[in-house]
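First the structure, in the form of structure tokens, and then the observations on it.
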Amino acid sequence: MNHTHVALLTDYGMNDEFVGVLKSVIIDAAPHAQITDISHGVAPFDVRGGSLMLARAVQYVPKGLIIAVVDPGVGTARRAIAVEVAGGDGILIGPDNGLLAPAVAMAGGAERAFELSNTSLHLEAPGATFAGRDIFAPVAAYLLNGGRIDDVGVQLDVDSLMPGLIPLPGEVNDDSYGAGVKCEVTWVDTFGNCQLNVGADDVAHMPSALRVVLGDDVRRASIVRTYAEIQTGALGLVIDSYGMLALSMDRASAAESLKLGVTDEVWLFPYGDEPDPSQTTRVGIRK
Amino acid sequence: MNHTHVALLTDYGMNDEFVGVLKSVIIDAAPHAQITDISHGVAPFDVRGGSLMLARAVQYVPKGLIIAVVDPGVGTARRAIAVEVAGGDGILIGPDNGLLAPAVAMAGGAERAFELSNTSLHLEAPGATFAGRDIFAPVAAYLLNGGRIDDVGVQLDVDSLMPGLIPLPGEVNDDSYGAGVKCEVTWVDTFGNCQLNVGADDVAHMPSALRVVLGDDVRRASIVRTYAEIQTGALGLVIDSYGMLALSMDRASAAESLKLGVTDEVWLFPYGDEPDPSQTTRVGIRK
Amino acid sequence: MNHTHVALLTDYGMNDEFVGVLKSVIIDAAPHAQITDISHGVAPFDVRGGSLMLARAVQYVPKGLIIAVVDPGVGTARRAIAVEVAGGDGILIGPDNGLLAPAVAMAGGAERAFELSNTSLHLEAPGATFAGRDIFAPVAAYLLNGGRIDDVGVQLDVDSLMPGLIPLPGEVNDDSYGAGVKCEVTWVDTFGNCQLNVGADDVAHMPSALRVVLGDDVRRASIVRTYAEIQTGALGLVIDSYGMLALSMDRASAAESLKLGVTDEVWLFPYGDEPDPSQTTRVGIRK
Numbered sequence: 438m439n440h441t442h443v444a445l446l447t448d449y450g451m452n453d454e455f456v457g458v459l460k461s462v463i464i465d466a467a468p469h470a471q472i473t474d475i476s477h478g479v480a481p482f483d484v485r486g487g488s489l490m491l492a493r494a495v496q497y498v499p500k501g502l503i504i505a506v507v508d509p510g511v512g513t514a515r516r517a518i519a520v521e522v523a524g525g526d527g528i529l530i531g532p533d534n535g536l537l538a539p540a541v542a543m544a545g546g547a548e549r550a551f552e553l554s555n556t557s558l559h560l561e562a563p564g565a566t567f568a569g570r571d572i573f574a575p576v577a578a579y580l581l582n583g584g585r586i587d588d589v590g591v592q593l594d595v596d597s598l599m600p601g602l603i604p605l606p607g608e609v610n611d612d613s614y615g616a617g618v619k620c621e622v623t624w625v626d627t628f629g630n631c632q633l634n635v636g637a638d639d640v641a642h643m644p645s646a647l648r649v650v651l652g653d654d655v656r657r658a659s660i661v662r663t664y665a666e667i668q669t670g671a672l673g674l675v676i677d678s679y680g681m682l683a684l685s686m687d688r689a690s691a692a693e694s695l696k697l698g699v700t701d702e703v704w705l706f707p708y709g710d711e712p713d714p715s716q717t718t719r720v721g722i723r724k
Numbered sequence: 438m439n440h441t442h443v444a445l446l447t448d449y450g451m452n453d454e455f456v457g458v459l460k461s462v463i464i465d466a467a468p469h470a471q472i473t474d475i476s477h478g479v480a481p482f483d484v485r486g487g488s489l490m491l492a493r494a495v496q497y498v499p500k501g502l503i504i505a506v507v508d509p510g511v512g513t514a515r516r517a518i519a520v521e522v523a524g525g526d527g528i529l530i531g532p533d534n535g536l537l538a539p540a541v542a543m544a545g546g547a548e549r550a551f552e553l554s555n556t557s558l559h560l561e562a563p564g565a566t567f568a569g570r571d572i573f574a575p576v577a578a579y580l581l582n583g584g585r586i587d588d589v590g591v592q593l594d595v596d597s598l599m600p601g602l603i604p605l606p607g608e609v610n611d612d613s614y615g616a617g618v619k620c621e622v623t624w625v626d627t628f629g630n631c632q633l634n635v636g637a638d639d640v641a642h643m644p645s646a647l648r649v650v651l652g653d654d655v656r657r658a659s660i661v662r663t664y665a666e667i668q669t670g671a672l673g674l675v676i677d678s679y680g681m682l683a684l685s686m687d688r689a690s691a692a693e694s695l696k697l698g699v700t701d702e703v704w705l706f707p708y709g710d711e712p713d714p715s716q717t718t719r720v721g722i723r724k
Numbered sequence: 438m439n440h441t442h443v444a445l446l447t448d449y450g451m452n453d454e455f456v457g458v459l460k461s462v463i464i465d466a467a468p469h470a471q472i473t474d475i476s477h478g479v480a481p482f483d484v485r486g487g488s489l490m491l492a493r494a495v496q497y498v499p500k501g502l503i504i505a506v507v508d509p510g511v512g513t514a515r516r517a518i519a520v521e522v523a524g525g526d527g528i529l530i531g532p533d534n535g536l537l538a539p540a541v542a543m544a545g546g547a548e549r550a551f552e553l554s555n556t557s558l559h560l561e562a563p564g565a566t567f568a569g570r571d572i573f574a575p576v577a578a579y580l581l582n583g584g585r586i587d588d589v590g591v592q593l594d595v596d597s598l599m600p601g602l603i604p605l606p607g608e609v610n611d612d613s614y615g616a617g618v619k620c621e622v623t624w625v626d627t628f629g630n631c632q633l634n635v636g637a638d639d640v641a642h643m644p645s646a647l648r649v650v651l652g653d654d655v656r657r658a659s660i661v662r663t664y665a666e667i668q669t670g671a672l673g674l675v676i677d678s679y680g681m682l683a684l685s686m687d688r689a690s691a692a693e694s695l696k697l698g699v700t701d702e703v704w705l706f707p708y709g710d711e712p713d714p715s716q717t718t719r720v721g722i723r724k
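Respectively, the protein sequence lines represent chains H, R and G. Position in the first sequence (first residue = 1) + 437 = the numbering used here. Position in the second sequence (first residue = 1) + 437 = the numbering used here. Position in the third sequence (first residue = 1) + 437 = the numbering used here.
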């Protein structure tokens with residue numbers, strides 16, 4: 438199977454030449470490559486954040502290669518790997534530090550894995566800190582040009598790959614609020630929506646109005662399907678585009694308003710029958 | 438007519454996977470698509486800012502499709518639309534919230550419009566918040582693959598489309614300064630240039646030196662053709678690349694220096710014959 | 438030789454439509470063009486920073502055209518130029534303000550140069566401030582469509598081109614520390630690594646532990662090959678991916694920690710035999 442598409446996900450940012458040089462190396466060797474940037478906005482060094490982004494995106498990415506790089510251990514003994522999934526429809530290339538693991542799982546699990554130990558495929562470089570340019574890109578180009586994955590290096594036991602870290606929700610009991618769900622913020626997007634690691638199903642046993650406990654800050658939020666259903670200034674729990682609950686506001690940043698960040702813990706309880714203290718006249722736009 | 442080009446403009450930013458996933462959906466279904474990003478840096482929820490950017494860019498965009506998404510009402514009853522312009526040379530796809538309207542007008546006006554009500558073309562999704570991925574991208578791919586615009590949904594009366602909001606300049610009279618032009622900042626670019634909603638023609642009856650009134654702050658600025666004609670530290674009114682006047686400084690941010698932002702009001706008066714109080718020895722570089 | 442590839446480097450940023458419009462002009466006229474963004478994140482007006490980025494990237498860029506724009510003098514008498522290098526394998530297009538010079542030197546030097554004085558190839562525009570759109574992009578499209586470089590305008594003496602400014606390291610003598618190397622920060626990347634204008638060879642006569650003098654702030658840093666070799670919280674001198682020394686920390690920003698910026702002066706001395714005052718128990722991750 439000859440792939441032509443490469444998707445890229447890194448923490449390189451857009452201000453330096455890193456992304457452009459990585460792409461240049463691919464295109465120089467494989468001019469027919471079609472490249473799609475998933476994003477290069479992973480927070481620097483944030484392997485978990487990058488792995489979750491890749492897991493969210495992977496189901497939409499066209500068949501072919503994925504190069505993912507969030508790699509604080511670049512140049513050390515951490516392995517550089519290529520992982521084959523879905524009967525060869527996908528090959529994920531990157532560091533073996535857990536970054537690829539959730540996406541590999543989403544794609545049905547690793548079928549074969551190889552360490553990129555065949556250094557004859559790599560670029561010579563004066564330093565060891567840019568594996569994207571010197572290892573991942575030329576190996577991807579090799580595969581795009583019809584090279585076999587068996588040639589990239591020694592085959593690995595897929596069970597030896599570094600697992601990813603997916604935070605799981607838990608249970609919590611509170612004297613005042615009863616039984617609830619303990620979860621955490623897994624992603625703050627550019628709009629300030631704070632995705633939680635619970636889906637609508639996980640709170641299906643609760644009413645649609647929930648008590649949201651953020652440390653000392655206790656709020657009320659209803660589960661809704663659109664941002665516009667949230668009253669201006671109020672907090673909502675939107676079922677987001679991945680089916681997860683996200684703490685959101687209408688045309689405002691929930692993250693900023695609540696001072697919430699990734700990994701912050703959130704407790705959800707049924708709100709019960711008390712009136713909503715924040716209930717105000719609706720002042721929405723275009724409703 | 439079979440289009441191959443899609444231009445994209447959103448407020449998705451570059452830090453999340455939104456843009457990458459939208460593109461992935463297009464390319465997965467229509468691998469021959471040629472995609473150009475106009476920008477994804479519209480301020481979150483800023484429909485007016487996005488509509489003005491699209492209107493500025495549209496005259497340069499190749500024939501084909503445009504997907505534009507600044508869509509705080511995503512998932513609500515606001516319509517998702519496709520608007521045909523220029524005898525079918527262009528099709529603009531996005532929310533019917535005024536975002537597309539100024540660009541449609543720039544392209545000669547809407548010839549046909551359709552609501553994207555044919556849900557069989559959309560992606561199934563666990564949430565309603567990502568119309569770019571689930572509606573706009575797959576509909577675009579359908580059109581790129583030779584699908585007819587008539588199939589995307591029910592035809593709309595083009596007069597029923599939400600109009601855009603283009604701020605118009607006005608007149609102002611001041612006891613001290615006489616008759617002037619009241620305008621506003623429509624765009625602050627990355628260099629800090631503050632575009633106004635007046636062109637050079639609108640002030641052709643005035644001298645080339647203008648009094649710029651920004652609330653209590655009164656400045657002198659000359660109309661010039663290049664940033665380098667503005668003295669270091671002084672304010673200028675550059676005829677920008679769209680023929681509009683922009684408050685600018687040489688190698689510095691006028692927005693930051695003047696604390697100016699989008700929608701801020703600016704009054705322009707003739708400066709008259711008084712000497713320029715800020716006149717200093719020119720200390721430009723390379724002049 | 439018919440080129441199809443264009444690499445882009447600008448200070449346009451990603452928030453406005455500048456990059457998208459420049460690309461649109463190219464693709465509209467030359468739909469077969471293959472465009473790679475080196476970066477658009479050069480700091481506004483920073484000709485030196487842009488020139489150094491271009492020089493770092495140029496060795497990896499595919500054969501073809503490069504458009505580079507950091508151009509505070511846009512619209513003035515500064516020349517717009519096209520410079521041919523490497524027997525025609527590369528053509529660099531941009532302002533004649535030193536931006537292209539280091540990359541041209543890296544590519545073997547200018548073989549022919551032309552002023553973009555043939556205005557019949559340019560776009561008509563209502564203002565003079567967007568040469569990328571109105572001059573560089575249409576000239577690039579002309580060349581991509583098989584146009585001859587001789588047609589873009591009058592040939593220039595390559596010796597008349599504006600040279601670039603590459604900071605060279607020097608020597609320094611300190612009463613306490615002895616003979617050392619005086620260098621400066623040439624680049625702060627997105628991770629906070631501070632590249633210096635000295636390579637590992639330049640300090641080969643020194644021990645691998647160096648005394649780093651940053652004004653009143655004196656640190657110890659060892660020369661290492663990977664970020665992970667730097668102790669948590671300590672400072673290192675990594676041999677970076679271009680073979681230069683960079684002041685770095687492990688999973689943290691050296692620039693932020695040291696309050697270092699581009700052009701800041703750094704002195705390097707041998708550390709000698711004193712014990713490392715900052716030596717602490719290693720608390721690395723995965724080591």
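Built from N, CA and C at the ideal position, the CB exists for glycine as well. Please read these numbers as outputs of a predicted model, since none were measured by experiment.
Which value, in whole angstroms, describes the spacing of the CA atoms of M643/H and V618/H? Taking the first sequence and counting its residues from 1, one reaches residue 643/H at position 206. Taking the first sequence and counting its residues from 1, one reaches residue 618/H at position 181. Cα-Cα distance, rounded: 10 angstroms.
What is the DSSP secondary structure of Q632/R, counted as helix, strand or coil? Your numbering for residue 632/R matches position 195 in the second sequence. The answer is strand: DSSP assigns Q632/R an E or B state.
For T447/G, which residues of its own chain have a beta-carbon under 6 angstroms away from its beta-carbon, when the five flanking residues on both sides are left out? If you number the third sequence from 1, residue 447/G lands on position 10. The residues are H477 and V506.
So with CB distances below 9 angstroms, who are the chain R contacts of T566/G? Indexing the third sequence from 1 puts residue 566/G at position 129. Ordered by position in chain R, the residues that pass the 9 angstroms Cβ test against T566/G are N630, R662, T663, Y664, V675, I676, D677, S678, A683 and S685.
With contact counted as at least three CB pairs below 8 angstroms, one residue from each stretch, are the stretch 461–472 of chain G and the stretch 488–496 of chain G in contact? The stretch 461–472 of chain G is not in contact with the stretch 488–496 of chain G.
Under 8 angstroms, with one C-beta from each stretch per pair, do the stretch 615–634 of chain R and the stretch 541–561 of chain R reach the 3-pair mark? Contact check between the stretch 615–634 of chain R and the stretch 541–561 of chain R: fewer than three CB pairs, one atom from each, fall below 8 angstroms, which does not count as touching.
Three-state secondary structure assigned by DSSP to P539/G: Stepping through the third sequence from its first residue, residue 539/G is reached at position 102. P539/G falls in the helix class under three-state DSSP.
Is P499/R close to chain G, meaning its C-beta is less than 8 angstroms from at least one C-beta of that chain? One-based indexing of the second sequence puts residue 499/R at position 62. At a cut-off of 8 angstroms between beta-carbon atoms, P499/R makes contact with chain G.
Quick one: does M451/R have its CB under 8 angstroms from some CB of chain H? For this step, residue 451/R is matched to residue 14 along the second sequence. For M451/R, the answer is yes, since a Cβ of chain H falls inside 8 angstroms of its Cβ.
Output the distance between the C-alpha atoms of A550/H and K460/R, rounded to the nearest integer angstrom. Working through the first sequence from its first residue, we reach residue 550/H at position 113. Working through the second sequence from its first residue, we reach residue 460/R at position 23. Rounded to the nearest whole angstrom, the CA to CA distance from A550/H to K460/R is 28 angstroms.
Can you check whether the CB of L682/H is closer than 8 angstroms to the CB of A641/H? Walking along the first sequence from the start, residue 641/H turns up at place 204. Walking along the first sequence from the start, residue 682/H turns up at place 245. In this structure, A641/H sits away from L682/H, with a CB-CB distance that is not shorter than 8 angstroms.
Name the residues in the stretch 461–481 of chain R whose C-beta lies less than 9 angstroms from a C-beta of chain G; which are they? Of all residues in the stretch 461–481 of chain R, Q471, T473, D474, I475, S476, H477, G478, V479 and A480 have a Cβ within less than 9 angstroms of some Cβ in chain G.
Cβ-Cβ separation, E548/R to V522/R (assumed contact under 8 angstroms), whole Å: Counting from one through the second sequence, the residue named residue 522/R turns up at place 85. Counting from one through the second sequence, the residue named residue 548/R turns up at place 111. With 8 angstroms as the limit, V522/R and E548/R qualify as a contact, their Cβ atoms being about 6 angstroms apart.
Give me the residue from A658/R, G680/R, F573/R and V703/R with the minimum Cα distance to V520/R. As a position in the second sequence, residue 520/R is number 83, starting the count at 1. Checked all of A658/R, G680/R, F573/R and V703/R; the closest Cα to V520/R is F573/R.
Can you check whether the C-beta of T700/H is within less than 8 angstroms of a C-beta belonging to chain R? Residue mapping note: residue 700/H aligns to position 263 of the first sequence, counting from 1. Under the Cβ distance rule, T700/H does not count among the residues neighbouring chain R, no pair being separated by less than 8 angstroms.
Below 8 angstroms, can you find three or more Cβ-Cβ pairs linking the stretch 673–681 of chain H to the stretch 559–567 of chain R? The stretch 673–681 of chain H is in contact with the stretch 559–567 of chain R.
In angstroms with no decimal places, state the Cα-to-Cα distance between G721/G and I660/G. For the purposes of this step, residue 721/G is identified with residue 284 of the third sequence, where counting begins at 1. For the purposes of this step, residue 660/G is identified with residue 223 of the third sequence, where counting begins at 1. Residue placement at G721/G is flagged as unreliable, the pLDDT there being 41, under the threshold of 50; a coordinate-derived value is accordingly withheld.
Cβ-based contacts, 7 angstroms cut-off: residues of the stretch 614–646 of chain H near chain R: Result list: D626, T627 and F628.
Identify whether R485/R lies in helix, strand or coil by the three-state DSSP scheme. Residue mapping note: residue 485/R aligns to position 48 of the second sequence, counting from 1. DSSP places R485/R within a helical segment (H, G or I) once states are collapsed to three.
Backbone CA spacing between N610/R and L705/R [nearest angstrom]: Stepping through the second sequence from its first residue, residue 610/R is reached at position 173. Stepping through the second sequence from its first residue, residue 705/R is reached at position 268. Distance from the CA atom of N610/R to the CA atom of L705/R, rounded to whole angstroms, is 10 angstroms.
At least 3 beta-carbon pairs within less than 8 angstroms: the stretch 644–653 of chain R vs the stretch 591–607 of chain R: With the cut-off at 8 angstroms, the stretch 644–653 of chain R and the stretch 591–607 of chain R do not touch.
Would you check if there are 3 or more beta carbon pairs closer than 8 angstroms linking the stretch 693–703 of chain H to the stretch 475–491 of chain R? Cβ pair count under 8 angstroms is below three, so no.
Determine the direct distance from the alpha carbon of L445/R to that of R485/H, and round the result to whole angstroms. Stepping through the first sequence from its first residue, residue 485/H is reached at position 48. Stepping through the second sequence from its first residue, residue 445/R is reached at position 8. About 29 angstroms.
When the Cα atoms are used, what is the spatial distance from A689/H to Y614/H? Within the first sequence, the letter at position 252 stands for residue 689/H. Within the first sequence, the letter at position 177 stands for residue 614/H. Looking at the two C-alpha atoms, the distance is approximately 28 angstroms.
So which residues of chain G does V458/H contact, with C-beta pairs closer than 7 angstroms? Counting from 1 along the first sequence, the entry for residue 458/H is found at position 21. Those within 7 angstroms of V458/H in chain G are A494 and Y497.
Decide if V625/H is buried, meaning its Cβ has at least 16 other Cβ atoms within 10 Å, or exposed. Locating residue 625/H in the first sequence gives position 188, counting from the first residue. Classification of V625/H: buried, given that the 10 Å Cβ count is 16 or more.
Range of the contiguous beta strand (DSSP E) that encloses E666/H: As a first step, residue 666/H is located in the first sequence; it is residue number 229 there, counting from the start. Counting along the chain, E666/H falls outside any beta strand (DSSP E), and DSSP gives it neither H nor E.
Using DSSP's beta-bridge definition, name the partner residues of T566/H. Indexing the first sequence from 1 puts residue 566/H at position 129. Beta-bridge partners assigned by DSSP to T566/H: none are found.
If you draw a straight line from the C-alpha of C631/G to the C-alpha of E693/G, how long is it? Working through the third sequence from its first residue, we reach residue 631/G at position 194. Working through the third sequence from its first residue, we reach residue 693/G at position 256. Taking the straight line from one Cα to the other gives about 10 angstroms.
Local conformation of T700/H per DSSP, three classes: Counted from its first residue, the first sequence places residue 700/H at position 263. DSSP places T700/H in coil when its eight states are reduced to three.
Could you please give the first and the last residue of the uninterrupted alpha helix (DSSP H) stretch that includes S694/R? Numbered from 1 along the second sequence, position 257 holds the residue referred to as residue 694/R. That run of the alpha helix (DSSP H) goes A691 to L695.
Look at the alpha carbon of R723/H and the alpha carbon of I463/H, and state the distance between them as a whole number of angstroms. Here the question's residue 723/H lines up with position 286 in the first sequence. Here the question's residue 463/H lines up with position 26 in the first sequence. Any reading at R723/H is ruled out, since the residue's pLDDT is 46, under 50, leaving its predicted position unreliable.
Could you compute how far the alpha carbon of G652/R sits from the alpha carbon of G629/R? Along the second sequence, read from residue 1 onward, the residue named residue 652/R stands at position 215. Along the second sequence, read from residue 1 onward, the residue named residue 629/R stands at position 192. Distance between the alpha carbons of G652/R and G629/R: 19 angstroms.
Terminal residues of the continuous alpha helix (DSSP H) containing A577/R? The residue you call residue 577/R lines up with position 140 of the second sequence. That run of the alpha helix (DSSP H) goes A574 to L581.
R688/R versus chain G: which residues are under 9 angstroms apart at the beta carbon? One-based indexing of the second sequence puts residue 688/R at position 251. By Cβ distance, chain G contributes P481, F482 and P509.
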